[in-house]
Amino acid sequence: MGDFHLNGSKQESLIVQELQNRIRDLEQSLAAASSTIEILRSQIHKNDDQPQPRNDSANSKNGQHLPRHHVSQIFNNQHTPMLLIEPDTGRIASANPAACSFYGWTLEELTSMRIDQINTLTQEEIHQEMERAIQSGSSRVFFFRHRLANGEIRHVEVHSGPIQEGEKTYLFSIVLDISERKRSEQRLSMALQASHGGAWEWDLRTGMARWSNEMYDLFGVAPGTQMHTENSYMIVDARDREHVRSSIDAAIASHRDANYLFRIQHATRGERWMETHARILFDECGDAFHI
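In my numbering, the protein residues as written are 729 to 1019.
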């Protein structure tokens, strides 16, 4: 998710403010974890062209479950759960200590299991997802529910992509626990419904927007409609359209949040006043890229 933008009365928006802050904190910690993913995978490919020491006794002692030495080093030096999976069989070829701690099984137990014993999808669905990851040729993001040793189900965000060892291909998967984020989003959704508010995000580089379900009802738009820059502005009453544009432009120019009032003409409820509170994200060059 991106930052949330609330439409409703100012008093009602306070109901969801604390939930919004908690979700932002969670996303910042997840972003920090996610930033290591491409670095780790680039380390693997960088080492592909370097000769690897062949020390069977050392490999047997320090990582007999790992098909490659430098992956073993990456596994053992990270605090994020990681798995190596054989895509043909779904067998877990290896797991790092963080994965053993997260799932609650020992390394020996995990490497005797298939991923369908953890993932709650069916075997057929899992096979299809692994095929997608293999065919992409690079890391892809998946959202699953994973089962722990104690029977608990966790929501996870999995960054998975193929790595090569000789003629054999493995799926290198990094697992992020997003269960608390999911619970916060559910609480936020309930609060938005209670406060008659909605949430949206807008990618300034692509022009594409994403709305929560509540937004469609608030603005009288058919559920599931793909929102983007132009149709988003067209929803705003013509009398306030320039005000909304200038408010966003001014917020971007001053690197601050955007807060503005505007009217819409709801298809069944007539004229409605809306209030928006939006957080703008900037890249390392200071350019706005997400609202």
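The beta carbon of each residue, even a glycine, is placed where N, CA and C say it ideally should be.
Predicted, not measured: the structure shown is a model, and the values here were computed from it.
- Message: By DSSP's criteria, HIS994 is part of a beta bridge. Which residues make up the other side?
- Response: For HIS994, the pairing in a beta bridge is given by DSSP as GLY998.
- Should ALA927 and GLU942 be called a contact, given that it needs their Cβ atoms to be closer than 9 Å? Yes.
- Environment of VAL869 [buried if 16+ CB atoms lie within 10 Å]: Counting Cβ neighbours within 10 Å, VAL869 comes out exposed, since fewer than 16 surround it.
- Query: Tell me which same chain residues have a C-beta within less than 6 Å of the C-beta of VAL903, skipping the five on either side of it?
  - Reply: The answer, listed in chain order, is PRO809, VAL884 and VAL886.
- Task: May I ask which residues mark the beginning and end of the alpha helix (DSSP H) holding GLU853?
- Result: Run containing GLU853: 851-864, per the alpha helix (DSSP H) assignment.
- Among residues of its own chain, excluding the 5 on either side of ILE1019, which ones have a beta-carbon nearer than 6 Å to its beta-carbon? Counting only Cβ-Cβ distances below 6 Å, and skipping sequence neighbours, we find TRP930, ALA1006 and ILE1008.
- Task: Ignoring anything shorter than 4 residues or poking outside the stretch 885-972, list the alpha helix (DSSP H) runs there in chain order.
- Result: For the stretch 885-972, the continuous alpha helix (DSSP H) assignments of 4+ residues that do not extend past its boundaries occur at 907-923, 941-947 and 957-963, in sequence order.
- Query: Taking the alpha-carbon positions, what's the THR957 to GLY879 distance?
  - Reply: Rounded to the nearest angstrom, the two C-alpha atoms are 45 Å apart.
- Query: DSSP three-state call for LEU838: helix, strand or coil?
  - Reply: Correct three-state label for LEU838: helix.
- Task: Evaluate MET1002 with the Cβ neighbour count: other Cβ atoms within 10 Å of its Cβ, from every protein chain shown; 16 or more gives buried, anything less gives exposed.
- Result: Buried, because 16 or more other Cβ atoms sit within 10 Å of the Cβ of MET1002.
- Name the residue from LEU899, SER912, HIS855 and SER940 whose alpha carbon lies nearest to the alpha carbon of LEU811. The residue with the shortest Cα to Cα distance from LEU811 is LEU899.
- Query: Taking Cβ positions, are THR848 and ARG819 nearer each other than 9 Å?
  - Reply: Contact: no.
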